[in-house]
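Protein chains in written order, with this note's numbering: chain A, 529 to 936; chain B, 444 to 858. Data first, discussion second: the structure below is written as C-alpha cells.
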Amino acid sequence: MRLSLATLLLTALATAQPRYGILLKNGHVIDPANNIDAIRDIAISTNKIARVAVNIPAAQARKTIDATGLYVTPGLIDLHAHVFGYDGSLFPDDTALLAGTTTIVDAGGSGWRTFDAMLEKIIKPSQTRVLALINIVGHGMIGAKFEDDVNDMDSERTAAKIAQHRAHIVGIKTAHFGGHGWTAIDRAVAAGKIASVPVMVDDKIFTNTGRTSREKLLDKMRPGDIHTHMFNDRQLEVLNRFTGKVEPYMIEARRRGVLFDLGHGGGSFLWPVAAKALAQGFAPDTISTDLHSSSILIPGSDMPNCISKMMALGMTLVDAIARSTVAPAKAIKRYPELGTLTEGQTADIALFHLRTGTFSYHDAWQKKRLASKKLEAVMTIRDGKLVFDQEGRAYPEWTKAGEYEVIP
Amino acid sequence: MDESGRVRGDPVKLAALALLTLAAPAQEIYDIVLKGGHVVDAKNNRNAQMDIAIAGARIRKIATGIPAAHARRTVSVSGYYVTPGLIDIQAHVNAVGDAHSVNPDHNTLRHGVTTVVDAGSSGYKNFERFKTEVIDRSTTRVLAFVNIVDTGMPGAAIENDPAHMNAEATAAIAKKYPRQVVGIKTAHYQPANWEAVDRAIKAAALSNTVAMIDFHPKPGRGYRELILEHMRPGDIHTHVYGRLTPQLDANKKIEGHMLAARKRGVLFDVGHGSGSLWFRIAQPAVAQGFLPDTISTDMHKRSIMIPRATLTNVMSKFIAMGMTPEQVIERVTANAARAIRRTEIGSLEEGGTADIAVLELRAGKFAYLDSGHGKLTSDKELRAVMTIRNGKVVWDSEGLSLTDWEAAGPYSNFK
Numbered sequence: 529m530r531l532s533l534a535t536l537l538l539t540a541l542a543t544a545q546p547r548y549g550i551l552l553k554n555g556h557v558i559d560p561a562n563n564i565d566a567i568r569d570i571a572i573s574t575n576k577i578a579r580v581a582v583n584i585p586a587a588q589a590r591k592t593i594d595a596t597g598l599y600v601t602p603g604l605i606d607l608h609a610h611v612f613g614y615d616g617s618l619f620p621d622d623t624a625l626l627a628g629t630t631t632i633v634d635a636g637g638s639g640w641r642t643f644d645a646m647l648e649k650i651i652k653p654s655q656t657r658v659l660a661l662i663n664i665v666g667h668g669m670i671g672a673k674f675e676d677d678v679n680d681m682d683s684e685r686t687a688a689k690i691a692q693h694r695a696h697i698v699g700i701k702t703a704h705f706g707g708h709g710w711t712a713i714d715r716a717v718a719a720g721k722i723a724s725v726p727v728m729v730d731d732k733i734f735t736n737t738g739r740t741s742r743e744k745l746l747d748k749m750r751p752g753d754i755h756t757h758m759f760n761d762r763q764l765e766v767l768n769r770f771t772g773k774v775e776p777y778m779i780e781a782r783r784r785g786v787l788f789d790l791g792h793g794g795g796s797f798l799w800p801v802a803a804k805a806l807a808q809g810f811a812p813d814t815i816s817t818d819l820h821s822s823s824i825l826i827p828g829s830d831m832p833n834c835i836s837k838m839m840a841l842g843m844t845l846v847d848a849i850a851r852s853t854v855a856p857a858k859a860i861k862r863y864p865e866l867g868t869l870t871e872g873q874t875a876d877i878a879l880f881h882l883r884t885g886t887f888s889y890h891d892a893w894q895k896k897r898l899a900s901k902k903l904e905a906v907m908t909i910r911d912g913k914l915v916f917d918q919e920g921r922a923y924p925e926w927t928k929a930g931e932y933e934v935i936p
Numbered sequence: 444m445d446e447s448g449r450v451r452g453d454p455v456k457l458a459a460l461a462l463l464t465l466a467a468p469a470q471e472i473y474d475i476v477l478k479g480g481h482v483v484d485a486k487n488n489r490n491a492q493m494d495i496a497i498a499g500a501r502i503r504k505i506a507t508g509i510p511a512a513h514a515r516r517t518v519s520v521s522g523y524y525v526t527p528g529l530i531d532i533q534a535h536v537n538a539v540g541d542a543h544s545v546n547p548d549h550n551t552l553r554h555g556v557t558t559v560v561d562a563g564s565s566g567y568k569n570f571e572r573f574k575t576e577v578i579d580r581s582t583t584r585v586l587a588f589v590n591i592v593d594t595g596m597p598g599a600a601i602e603n604d605p606a607h608m609n610a611e612a613t614a615a616i617a618k619k620y621p622r623q624v625v626g627i628k629t630a631h632y633q634p635a636n637w638e639a640v641d642r643a644i645k646a647a648a649l650s651n652t653v654a655m656i657d658f659h660p661k662p663g664r665g666y667r668e669l670i671l672e673h674m675r676p677g678d679i680h681t682h683v684y685g686r687l688t689p690q691l692d693a694n695k696k697i698e699g700h701m702l703a704a705r706k707r708g709v710l711f712d713v714g715h716g717s718g719s720l721w722f723r724i725a726q727p728a729v730a731q732g733f734l735p736d737t738i739s740t741d742m743h744k745r746s747i748m749i750p751r752a753t754l755t756n757v758m759s760k761f762i763a764m765g766m767t768p769e770q771v772i773e774r775v776t777a778n779a780a781r782a783i784r785r786t787e788i789g790s791l792e793e794g795g796t797a798d799i800a801v802l803e804l805r806a807g808k809f810a811y812l813d814s815g816h817g818k819l820t821s822d823k824e825l826r827a828v829m830t831i832r833n834g835k836v837v838w839d840s841e842g843l844s845l846t847d848w849e850a851a852g853p854y855s856n857f858k
C-alpha cells in the first residue's frame with residue numbers, strides 16, 4: 529500500500545500531472561451505502577471515484593468544480609423506464625442524464641427476439657448506462673395483440689437470452705397481460721428461476737382476470753421479485769377500500785422479501801393512494817419513473833420530481849436518495865458496483881439544488897399538490913465525464929477566456 | 444374587441460370579425476380563459492396586459508376584462524408573458540431516421556415550443572418515413588427543411604457527394620407535401636465548389652420555398668460570395684454567430700458584407716447547436732445592433748446536453764447579452780413564421796389555432812454556456828411554465844390550470 533502510494537506520488541511528480549481529473553469541492557455528499565451525509569470533497573481519477581474526504585487540495589486536480597450549496601449523490605438509478613420497443617419510448621440521454629440519472633433500466637421494451645436490436649440501437653450508442661428487464665413476451669412491449677399471446681411467452685428462450693447478455697440484462701418483466709389466469713406471471717417467474725434473476729410485475733387486477741393481489745404477492749412472486757406501479761389501485765389493492773388501511777398481505781409480502789416499486793408513469797401514481805400508504809409507513813422500496821412520452825410532460829415523472837413527490841409526502845431526502853440509488857442497485861443485484869460513491873467504483877455522480885418555495889406536483893390524474901421543496905438536477909458526471917452542467921460551474925467566464933476555442 | 448384601436452380601419456379583419464360574430468352564439472362559453480398575462484404579440488403590435496379566451500382548438504377573443512364567469516376554466520397568468528406558441532426553425536427531430544435527432548414533444552412543449560422545424564435530418568428518400576412515424580404522430584407541429592442530400596445527414600461520405608443531391612427530386616417531395624415542407628437545407632458540405640449550395644437553392648426555387656444554408660467556407664468558395672451572390676432574398680444563413688464564417692473584422696466591428704446581405708434580404712438565424720453560438724462573436728454583434736433575424740436551437744443529441752440548446756435557454760442567452768424579452772420573443776414567433784412563410788402561425792389571432800406559450804422571466808443568479816463552454820452569468824432566466832397546443836394544455840409546470848387533489852374528491856383507477 530505504502531509502496532503503491534509512493535509510486536503514484538513519484539509518477540505524479542515526474543509528469544507534473546495533477547493526480548485527479550475532476551475534483552468536486554464542498555458539496556453536501558449523501559451516500560447512504562456508506563452512511564455519509566456531510567460536506568465532503570470527491571476526487572475523480574479517469575473514470576473512477578478516487579477519494580472521498582474532507583478538504584482535498586484543489587492543486588491535486590486538473591479541474592476543480594465548486595459544489596458549494598449542492599447535494600452530491602451517487603448517479604440515480606431509474607429501475608423502470610422505457611427507451612426501446614414501447615410506443616412512447618424516449619431516448620435515454622436527454623431524459624436520464626439531464627435529470628441526474630446515470631443508470632436507466634428499460635422495463636420490458638424488448639423480449640428475447642428483439643433484445644439484440646436494443647443492444648445495437650440503444651444500449652451501445654447511449655452515454656447513459658442502459659440495463660434491461662427483458663419482457664417474457666418474445667416480441668417485447670409492442671401492443672396487446674402480442675402481449676396477450678401466451679404462445680410467445682417462452683421461459684427457456686428468455687432465460688437463454690439472459691445467459692448470453694448478463695452484462696446488460698438484469699431481470700424479466702411481465703406487463704399489460706389482458707388474459708385470464710396466471711400464465712404470464714408464472715412463465716416470467718419460471719424464466720427468473722432458470723436465469724436466477726428477479727421478475728418485475730406490472731399486472732392489472734379486475735374481477736374477470738381470476739387473479740388477486742393476495743395470491744400474487746404471497747404465492748406467485750418470489751422474495752426479490754418486484755411489483756411496480758405500487759400506487760396504482762388497479763394493479764394492487766394496497767389499501768382496504770373501506771378502511772383505507774394498508775392490507776395485511778402487503779405487509780406480509782414485504783416481510784417475505786417482495787419489493788414494491790413506484791413506477792410513476794402516466795397512469796400509476798395517485799395522490800389518494802400514495803398519501804395514505806406513506807402516512808402509514810408503507811413507502812416504495814425503490815423510486816422509479818416509468819418514463820415515457822406521456823408521463824414526462826404534465827405528470828412530470830422524472831427522477832428528481834419523483835423524489836420531490838416522496839418528500840412532499842414526508843420522506844426525508846436521505847431516505848429518498850437511498851431508494852433511488854443503493855436500493856435499486858441491490859434489487860437488480862448490481863450492488864456495490866452501482867448506487868454508491870465508494871472509492872474505486874465508477875464515477876457516476878449527480879449534483880442537485882434543493883430549492884425552497886412553492887412548487888406544484890402532479891399525479892396521473894393531473895391533480896396537483898403544492899409543496900415547499902424541489903430537487904433540481906444541475907450537474908451529472910457519468911463514467912468520470914461531465915455530461916450536464918446547467919450552471920456552467922465547470923467553466924470560466926467567457927470574458928476571461930480570451931480568443932477561446934472549446935474549453936475542456 | 445377594439446379597445447386597443449388596432450383593428451379599426453383594417454377592412455379585411457373587420458369583415459372577418461363580422462363573419463365570426465354572426466357565426467358565433469350570442470354569449471360564447473370558453474373552455475379556457477388566460478387572465479391577466481402580459482401579452483407579447485409582435486405581429487399585431489400587442490405588448491400589454493390582456494386576457495385570452497379559448498374554445499376548442501381556437502382562440503376566440505383577445506381583450507382586456509374577459510369575464511371569468513364565461514369560462515369553464517380560468518387560469519391566472521398575471522406576472523407571466525403570454526406569447527404565440529414559440530417556433531424553433533432549426534432543430535433535429537427525425538428520431539426514426541437520423542442518429543443525432545431527439546424526440547420532439549418533451550424537448551419542445553416543455554420549453555413553450557409548439558412548432559419545430561426539422562433542419563435537414565431527412566432527404567427526399569426518407570422524408571416520408573419521417574412524416575409517418577414522427578411528424579404525423581407528434582403533438583408538436585413538426586415542419587421540415589428537406590436536405591438536398593437524398594437521405595438527410597447520414598455522414599460525410601454521402602453528404603459530401605453531389606451524386607446524392609438531386610434538386611428536381613428534392614423539389615418534388617417539397618411540392619408533394621406543402622403542409623409539412625417549408626424549405627430545403629444544405630449542411631456540412633466540404634468540397635471546394637458550390638454544388639451543394641446551388642442545388643439546394645435550385646430545389647428551393649423549383650418548389651417555391653426557402654433555402655437554409657449551413658456553410659463551411661473553402662478557398663474559392665467564400666462567405667461573402669455566398670450571402671451577396673448565391674443566396675436569394677429570404678434564404679436563411681444559419682449559425683450566424685459560429686466560428687466558421689467571418690462576421691467581425693479584427694476590431695470586432697460588423698463586416699460590411701453582413702450589412703449588405705441583410706439589406707438585400709438574406710436572413711440570419713442563430714442555430715445554436717454544439718458549435719455555433721460563441722459569446723465572443725455574438726456579444727459584440729448584439730452590442731452593435733446586429734441582432735439575429737430568428738433565434739433557434741439546432742437541438743440534437745449532443746447540443747441538448749452541454750451547452751443546453753433548448754429554445755428558452757437560447758432565448759435566455761440573448762437576454763443575458765442585452766436584448767429585451769420582447770425582441771427575443773419576436774424572433775421566435777413573428778419573425779420565425781415569416782422566415783418559413785407560415786404567417787398563419789407565430790401570432791395570436793381571434794379565430795386562429797390556440798398555440799400559446801406562457802413564459803416566466805425569473806430573477807436570480809443564472810449562468811449559461813456557449814459552444815466553446817465560455818460562461819455568461821446573468822440575473823435573468825426565461826422559462827416556459829405553460830404551453831397550449833391546439834387548445835389543449837400540454838405543459839403546466841406550476842399547475843396553473845390544474846385542480847388540487849384534495850378538492851378533486853375521491854378518485855381511483857379501479858373500475
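Note that beta-carbon positions come from the ideal geometry of N, C-alpha and C, so glycine has one too.
Measuring only between beta-carbons, confirm whether Val683(B) sits less than 8 angstroms from chain A. Cβ-Cβ to chain A under 8 angstroms: no for Val683(B).
Cβ of Pro727(B) within 8 angstroms of any chain A Cβ: No, its Cβ sits nowhere closer than 8 angstroms to a Cβ of chain A.
Can you tell me which of Ile591(B), Asp593(B), Thr558(B) and Asn590(B) puts its alpha carbon nearest to the alpha carbon of Ile578(B)? It is Thr558(B).
Is Pro853(B) helix, strand or coil by DSSP? Coil.
In this structure, does DSSP put Gly795(B) in helix, strand or coil? Coil, per DSSP.
Using a threshold of 8 angstroms, state whether the C-beta atoms of Pro856(A) and Thr814(A) are closer than that. A distance below 8 angstroms separates the beta carbons of Pro856(A) and Thr814(A).
Answer yes or no: does any C-beta atom of chain B fall closer than 8 angstroms to that of Met529(A)? Residue confidence for Met529(A) is low, a pLDDT of 45 falling below 50, so the modelled location carries little weight and cannot support an answer.
Straight-line gap, Ser650(B) to Thr642(A) (C-alpha atoms, nearest Å): One alpha carbon belongs to Ser650(B), the other to Thr642(A), and they sit about 41 angstroms apart.
Exposed unless 16 or more other CB atoms sit within 10 angstroms - verdict on Ser724(A): Counting Cβ neighbours within 10 Å, Ser724(A) comes out exposed, since fewer than 16 surround it.
Give the DSSP-derived three-state secondary structure of Glu865(A) in the structure shown. In the three-state scheme derived from DSSP, where H, G and I count as helix and E and B as strand, Glu865(A) is classed as coil.
DSSP three-state assignment for Asp561(B), whether helix, strand or coil: Per DSSP, reduced to three states, the secondary structure at Asp561(B) is strand.
Would you say Ser888(A) faces chain B, with C-beta separation under 8 angstroms as the test? Between Ser888(A) and chain B, the shortest Cβ-Cβ separation is below 8 angstroms.
May I ask which residues mark the beginning and end of the alpha helix (DSSP H) holding Gln492(B)? Premise fails: Gln492(B) lies in the beta strand (DSSP E), Arg489 to Ala498, not in any alpha helix (DSSP H).
For the pair the segment 559-573 of chain A and the segment 900-908 of chain A, tell me if three or more CB-CB distances fall below 8 angstroms. Too few Cβ pairs lie closer than 8 angstroms, so no.
Does the structure place the segment 688-707 of chain A close enough to the segment 637-657 of chain A that three or more beta carbon pairs sit under 8 angstroms? Judged by Cβ distances under 8 angstroms, the segment 637-657 of chain A makes contact with the segment 688-707 of chain A, as three or more pairs qualify.
Sequence ranges, alpha helix (DSSP H) only - wholly within the segment 810-866 of chain A, length at least 4: Annotation: the segment 810-866 of chain A contains the following complete segments of the alpha helix (DSSP H) (minimum length 4 residues), in chain order: 831-840, 845-850 and 854-859.
Could you tell me which chain B residues have their CB closer than 8 angstroms to the CB of Asp917(A), listed as they occur along the chain? Per Cβ cutoff of 8 angstroms: Ile749 and Leu812.
Buried or exposed: Val934(A), going by 16 or more other Cβ atoms within 10 Å of its Cβ? Around the Cβ of Val934(A), a 10 Å sphere holds fewer than 16 other Cβ atoms; the residue is exposed.
Beta-carbon proximity check, Leu798(A) vs Gly842(A), cutoff 8 angstroms: For Leu798(A) and Gly842(A), no; Cβs fall outside 8 angstroms.
Under 8 angstroms between beta-carbons, which chain A residues line up against Pro853(B)? List them in chain order, please. Against Pro853(B), the close residues of chain A are Pro800, in the order they occur along the chain (beta-carbon pairs closer than 8 angstroms).
Output yes if chain B places a C-beta closer than 8 angstroms to the C-beta of Asp569(A); else output no. False, the Cβ-Cβ gap to chain B never drops below 8 angstroms.
When you compare the CB of His816(B) with every CB in chain A, is at least one pair closer than 8 angstroms? Chain A contact via Cβ: present.
Alpha carbon to alpha carbon, what distance is there between Val483(B) and Glu769(B)? When rounded, the distance between both Cα atoms is 7 angstroms.
Which residues of chain B have a Cβ atom closer than 8 angstroms to the Cβ of Phe619(A), listed in chain order? Residues of chain B whose Cβ lies closer than 8 angstroms to the Cβ of Phe619(A) are, in chain order, Ala538, Val545, Asn546 and Lys744.
Hey, out of Asn736(A), Lys721(A), Ser741(A) and Ile722(A), whose CA is closest to Asp730(A)'s CA? Ranked by Cα distance from Asp730(A), the first of Asn736(A), Lys721(A), Ser741(A) and Ile722(A) is Ser741(A).
Using three-state DSSP, classify Gly479(B) as helix, strand or coil. In the structure shown, the three-state DSSP call for Gly479(B) is strand.
Secondary structure, alpha helix (DSSP H): runs of 4+ residues fully inside the segment 656-687 of chain A: Here the runs fully enclosed are 672-675.
So for Pro776(A), helix, strand or coil by DSSP? In the three-state scheme derived from DSSP, where H, G and I count as helix and E and B as strand, Pro776(A) is classed as helix.
With a threshold of 16 other CB atoms inside 10 Å of the CB of Asn694(B), please say whether the residue is buried or exposed. Burial call: exposed.
Can you give me the Cβ contacts of Pro907(B) inside the same chain, cut-off strictly under 6 angstroms, excluding the 5 residues immediately before and after it? Since the displayed chain B opens at 444 and closes at 858, residue 907(B) lies outside it and no answer follows.
According to DSSP, is Glu638(B) helix, strand or coil? Three-state DSSP puts Glu638(B) in a helix.
Kindly indicate the opening and closing residues of the beta strand (DSSP E) around Thr601(A). Per DSSP, the unbroken beta strand (DSSP E) holding Thr601(A) starts and ends at Tyr599 to Pro602.
Touching by the beta-carbon criterion (3+ pairs, under 8 angstroms), the segment 803-819 of chain B and the segment 910-922 of chain A: Short answer: they touch.
How long is the line joining the alpha carbons of Lys486(B) and Ala777(B), rounded to whole angstroms? Rounded to the nearest whole angstrom, the C-alpha separation of Lys486(B) and Ala777(B) is 6 angstroms.
Could you tell me the distance, in whole angstroms, from the CA atom of Ile949(A) to the CA atom of Pro726(A)? With chain A represented from 529 up to 936, any question about residue 949(A) goes unanswered, as that position is not in the structure.
Of the residues Pro776(A), Ser829(A) and Asp753(A), which one's Cα is nearest the Cα of Phe788(A)? With distances taken between CA atoms, Phe788(A) lies nearest to Asp753(A) out of Pro776(A), Ser829(A) and Asp753(A).
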